[in-house]
Ligand code: C5J
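In our numbering, the protein residues as written are 10 to 232.
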């Protein structure tokens, strides 16, 4: 096991059974001129984590550990988008509407792609998900079982929505979760801080968190 300094206490990472899950680093959420910015959000907050997520991907690639990328998206006919989800979006621009980077959150549209700096490499897994959580209506659970994974390291956006929902789903399924603090972000600083606190509360009720440097340092010291 690799002992990673973390909060609320050290995280024990099993190098033979750990996968990285990068949540929804999609152009429409992260890039200027996308859906997120068109709703009035400050996307520079999300853009700022791209280099750290790239470093995290580099670490997992160097170790040959499994990598899963997720994308929040829907079929072009919206058959997998419940009206309750579509109707509760911003009325100015909803899922499926023509947006600045194609139809908003529709599979295959430019805005629904992962930002080029973090593009999946051959052999990495890409999960398209219609919900906020990455387990709902996706093959992620079966994939992780096939990979023999027990420990999950998380990155991506947004901390309080898709990242937190997926971590909670993973926690209920028995995975041991570590969130990389500077590889996740929200449009709202207070929401990110609150989510980190909720995840770590009550003795890691959902999981642990740590900065990327602490993980990289611990892994580099592995025998
Ligand atoms: C994600 C969202 N990825 N905030 N989606 O968090 O709608």
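Think of the CB as a built atom: it goes at the ideal place given N, C-alpha and C, for glycine as much as any other residue.
Where residue i falls, given that 16 or more other Cβ within 10 Å makes a residue buried
i           : result
residue 18  : exposed
residue 126 : exposed
residue 53  : exposed
residue 135 : exposed
residue 211 : exposed
residue 12  : exposed
residue 179 : buried
residue 143 : buried
residue 32  : buried
residue 223 : buried
residue 123 : buried
residue 100 : exposed
residue 24  : exposed
residue 130 : exposed
residue 43  : buried
Backbone secondary structure at residue i - three-state DSSP
i           : result
residue 178 : helix
residue 144 : coil
residue 104 : coil
residue 36  : helix
residue 133 : coil
residue 89  : coil
residue 163 : strand
residue 48  : coil
residue 195 : coil
residue 116 : coil
residue 128 : coil
residue 122 : coil
residue 158 : coil
Euclidean distance between Cα positions of residue i and residue j
i           : j           : result
residue 167 : residue 194 : 6 Å
residue 57  : residue 102 : 25 Å
residue 182 : residue 189 : 20 Å
residue 85  : residue 108 : 14 Å
residue 205 : residue 218 : 7 Å
residue 22  : residue 92  : 40 Å
residue 77  : residue 119 : 20 Å
residue 16  : residue 147 : 30 Å
residue 228 : residue 28  : 14 Å
residue 159 : residue 35  : 26 Å
residue 187 : residue 176 : 9 Å
residue 138 : residue 83  : 8 Å
residue 79  : residue 145 : 12 Å
Cβ-based neighbour list, residue i, same chain, cut-off 8 Å, excluding 5 preceding and 5 following
i           : result
residue 95  : 87, 103, 104, 105
residue 196 : 45, 50, 51, 52, 54, 55, 167
Neighbourhood of residue i by C-beta, 7 Å cutoff - its chain only, sequence neighbours within 5 removed
i          : result
residue 64 : 221
residue 10 : 21, 22, 23
residue 41 : 52
Residues of its chain near residue i, where Cβ-Cβ distance is below 6 Å and the 5 sequence neighbours each way are ignored
i           : result
residue 164 : 31, 62, 65, 189, 192, 193
residue 14  : 223
Minimum Cβ-Cβ distance from residue i to chain C less than 8 Å
i           : result
residue 154 : The chain inventory of the structure shown lacks chain C, comprising one protein chain alone.
Exercise. Check each residue's C-beta against every heavy atom of the ligand C5J and list, in chain order, those closer than 7 Å.
Key: 32, 33, 38, 81, 141, 166, 167, 170, 171, 172
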